[in-house]
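Visitor: So the protein lines, in turn, are chains F and V.
What the first sequence shows, in our numbering, is residues 3 to 352, in sequence order.
What the second sequence shows, in our numbering, is residues 3 to 352, in sequence order.
Protein chains: 2
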Amino acid sequence: MPELRYDILSGTYTITASERSKRPNDFRSAQEHKEPVPETDPGCPFCVGNESETPPEVYALRDSGAENEPGWRVRVVPNKFPALRPTETEEVDPGRVDTQITPEVDDTSMYWSMPGIGAHEVVVESPLHNGTLGDYTVDEMTEIIETLKQRYRVLCDDKYIKYVQIFRNWGPQGGASLLHPHFQIIGLPLMPPEVSTEMFRFREYESKTGRCLMCDYVERETEKDERVALRNEEFIVLCPFASRFSFETLIVPRKHSVTFSELDNDKARQLAEVFASLFRAYEDLFSSLSYNIVFHTLPTPRRSRKPPTDHWHIHVYPRLNVEAGLEKGAAVWINPTPPELAALQFGGKG
Amino acid sequence: MPELRYDILSGTYTITASERSKRPNDFRSAQEHKEPVPETDPGCPFCVGNESETPPEVYALRDSGAENEPGWRVRVVPNKFPALRPTETEEVDPGRVDTQITPEVDDTSMYWSMPGIGAHEVVVESPLHNGTLGDYTVDEMTEIIETLKQRYRVLCDDKYIKYVQIFRNWGPQGGASLLHPHFQIIGLPLMPPEVSTEMFRFREYESKTGRCLMCDYVERETEKDERVALRNEEFIVLCPFASRFSFETLIVPRKHSVTFSELDNDKARQLAEVFASLFRAYEDLFSSLSYNIVFHTLPTPRRSRKPPTDHWHIHVYPRLNVEAGLEKGAAVWINPTPPELAALQFGGKG
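1. Can you list, in chain order, the residues of its chain with a C-beta nearer than 6 Å to that of Pro80(V)? Leave out the 5 residues immediately preceding and following it.
2. Go ahead and pull the three-state DSSP assignment for Phe169(F).
3. Count the other CB atoms within 10 Å of the CB of Phe237(F); is the residue buried (16 or more) or exposed (fewer)?
4. With 16 other CB atoms within 10 Å as the buried threshold, where does Ala68(V) fall?
5. What do you reckon, is the C-beta of Gly327(V) under 7 Å from a heavy atom of the ligand MN?
6. Just how far apart, CA to CA, sit Ala345(F) and Leu328(F)?
7. Phe202(F) lies in the alpha helix (DSSP H); which residues open and close that run?
8. Is the distance from the Cβ of Val107(F) to the Cβ of Glu206(V) below 8 Å?
9. Would you check if the distance between the CB atom of Leu11(F) and the CB atom of Arg203(F) is smaller than 8 Å?
10. Relative to the C-alpha of Ser290(V), which candidate in Pro301(V), Met112(V), Leu135(V) has its C-alpha closest?
11. Taking only the alpha-carbon atoms, compute the straight-line gap between Ile336(F) and Ile119(V) and give it to the nearest angstrom.
12. From Phe262(V), Leu157(V), Asp312(V), Glu342(V), pick the residue whose C-alpha is nearest to that of Ile187(V); which is it?
13. Given 8 Å as the limit, is there contact between the segment 181 to 200 of chain F and the segment 153 to 167 of chain F, that is, 3 or more CB pairs closer than that?
14. Between Pro340(V) and chain F, is there a C-beta pair that is closer than 8 Å?
15. Can you find the residues in the same chain that come closer than 7 Å, C-beta to C-beta, to Arg30(V), ignoring five residues on each side of it along the sequence?
16. Looking at the secondary structure, which residues open and close the alpha helix (DSSP H) in which Thr276(F) lies?
17. Is the Cβ of Ser290(V) closer than 8 Å to any Cβ of chain F?
18. When the cut-off is 8 Å and only beta carbons count, does Tyr284(V) lie next to chain F?
19. Using a Cβ distance threshold of 8 Å, determine whether the segment 304 to 323 of chain V contacts the segment 212 to 230 of chain V, with at least three qualifying pairs required.
20. Using a C-beta cutoff of 8 Å, does Ala332(V) count as contacting chain F?
21. With DSSP as the reference, label Glu5(F) as helix, strand or coil.
22. How long is the line joining the alpha carbons of Gln152(V) and Ile295(V), rounded to whole angstroms?
23. Under three-state DSSP, which class holds Phe83(F)?
24. Indicate whether at least one CB of chain F lies closer than 8 Å to the CB of Ala32(V).
25. Out of Glu53(V), Val276(V), His131(V), Pro88(V), which has the shortest C-alpha to C-alpha gap to Pro38(V)?
26. Could you give the C-beta distance for Glu208(F) and His298(F), rounded to a whole number, given that I count them as a contact under 8 Å?
27. Is Thr139(F) near Tyr61(F), with beta carbons less than 8 Å apart?
28. Give me the chain V residues within the contact set of Asn294(F), using Cβ-Cβ distance strictly less than 8 Å, ordered along the chain.
29. Find the residues of chain V that neighbour Trp314(F), judging by a C-beta separation of less than 9 Å, and give them in chain order.
30. According to DSSP, is Glu41(F) part of a helix, a strand, or is it coil?
31. Which residue wins for smallest C-alpha separation from Pro338(V), given the options Pro84(F), Asp266(F), Thr16(F), Pro72(F)?
32. Measuring alpha carbon to alpha carbon, tell me which of Gly173(F), Leu180(F), Leu6(F), Thr104(F) ends up nearest Cys46(F).
33. Would you mind sorting Arg307(V) into buried or exposed? The rule is 16 or more other CB atoms within 10 Å of its CB.
34. Thinking C-beta only, is Tyr293(V) closer than 8 Å to Gly173(V)?
35. Using only CA atoms, which one of Glu223(F), Thr211(F), Glu225(F), Phe48(F) lies nearest to Gly133(F)?
36. Using beta-carbon positions only, say whether Leu86(V) and Pro117(F) come within less than 8 Å of one another.
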């Protein structure tokens, strides 16, 4: 029988209905990019030698070369087609931005809008056009993570930015438009609803139990050991109890940690190990998988302020099942793969 | 410059960024079912003559024939691969279901779940395997709408069902698995989060202004006439101010109406006219469009109860832009098509 499961982080529900994987399907699976991907592509703006096709870099790790020249290992550039733009490029009344508040639910906010200011950066992970998260060495992956942290910290310091969303889109179903491997970082001028909801739930949980929601969740999952995909000393990868997507995972620091900015060098390396193992497993299980990786981490707390009630983490959403009418209409997901089964496939006990 | 817009119905945000439609794309657009679709398909479980391949029908409009035989114009059957199932088929403790409440955000609800009871029905719209919403006559469309209303009312009367979600998935990006045109109806044993959020916002708006959020929105949009796609006496089709998807529309009764069950024969016909015009326009604008149609309508109020604060409506979400990392991570959408431009394309003033 299908089961309805509640997700304590988001307050949404998933119907775990494994029988539905037996449905017939009139549509051939959407065409993925099937030809072998070359190591470099002369037409790719992120490939070595094409540095002038992107806006000037804001950060890079280099073996050699000057800014915006070859020789980099990881390179960060502003998005050429930004969803949000820094204030320098346009005339924006800062007063309007500084006073941004959550709109009221009344007739004054029916047409609430604000200028699309913020930041939108691309972290080009590798000079290799065909690089994948499962291919990188732990050293390479560590450098990518350190670069993400570096840019996250810089954007958190921007007075117009209230939240920094780090994400990676992979494959056509994941919304990637370019093949060359890259993360993206968007600095938003407001606290986004998904994050506000999680924050609210962390605070609510703490006020009722005196403890951290995520610490408790990690402790219980570690004890049960039914949905643990993999782990090392500092990180654990779980298949969430109410997973929305088949083979969804959640990467969490095992010890309480409020924000991503607390990650020291040793922990960055341990996170890199976990990324490498997890994505090698994904690449072994699926020949071409679309997914989204999203970081949930509040801005670095100012020195003077009390740290917020949170415990940063990373969601991986493989886009194996399409979100359709029930997901869009009701915010109820249908997932044909029980997370216990997914954990088994990752090598956990299931 | 991109603009961040707030959606008063859901409390989420959309970045309207038309420049982003100029991005390069390495992925060919996902293959749609391109061959002409035949009028009947011997392998299709919803085609005439294959009635025995579905579970027995629960409702039909017929020219001739007995139950589960050819001769039907519209036919409703339980889903063979249901996301949720009626209680009759399994032993479920009704006490557990009747006492279903919103889970607390504490350690007692970390693993909250309930049996997947409810209903999942398929409304086969037409004997034609290649029927489309843009092809039907107004008479045919009226019968489809009357059938949806009929089944919605029956499911609302089920004591285990707290919300009835009517939806239609179309095309591979819309999550449709079968080509034969059909609506789906899922009876959920709980009030889903998306609907709870809208309900909360309607109540909040009414308590602050004394008026109906949707009536006010329709009135303002009608006055402005910048985002009206089309209208008739009883219904209006709007391109929402903070549209998440390119060419998203919202179909609303122009006069205050709490639930879909209030729709009389004349209004059903007017809604059918609007559906026919709108989907003819969609089919003219796009050669093959994936989309989801979702109804938002609370259960028929019991006679004794005060009607809830709501105004039913229908969302149409064309799946032209892929929801990716920012949408999943932050619940902030990026939409490259301003709704004012979409309204123009539908023949509105824009």
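Virtual Cβ for every residue (Gly too), placed ideally from N, Cα, C.
Guide: Let me spell this out:
1. Pro57, Glu123
2. strand
3. buried
4. exposed
5. As presented, the structure is devoid of all ligands, the ligand MN included, so that no description of it is given.
6. 26 Å
7. 195 to 211
8. yes
9. yes
10. Leu135(V)
11. 14 Å
12. Leu157(V)
13. yes
14. no
15. Since pLDDT at Arg30(V) reaches only 48, below the 50 mark, its modelled position is unreliable, and the value read off the structure follows with that caveat. None.
16. The sequence shown places Val at residue 276(F), not Thr. Looking at the DSSP string, the run of the alpha helix (DSSP H) that includes Val276(F) is 267 to 287.
17. no
18. no
19. yes
20. yes
21. strand
22. 18 Å
23. coil
24. Its pLDDT being 44, under 50, Ala32(V) is placed unreliably in this model, and the value from its coordinates should be taken loosely. Yes, its Cβ sits closer than 8 Å to a Cβ of chain F.
25. His131(V)
26. The pair is not a contact, with the Cβ atoms about 16 Å apart (cut-off 8 Å).
27. no
28. Ala326, Gly327, Lys330, Gly331
29. Neighbours of Trp314(F) on chain V: none; closest Cβ ~12 Å, over 9 Å.
30. coil
31. Pro84(F)
32. Leu180(F)
33. exposed
34. yes
35. Phe48(F)
36. no
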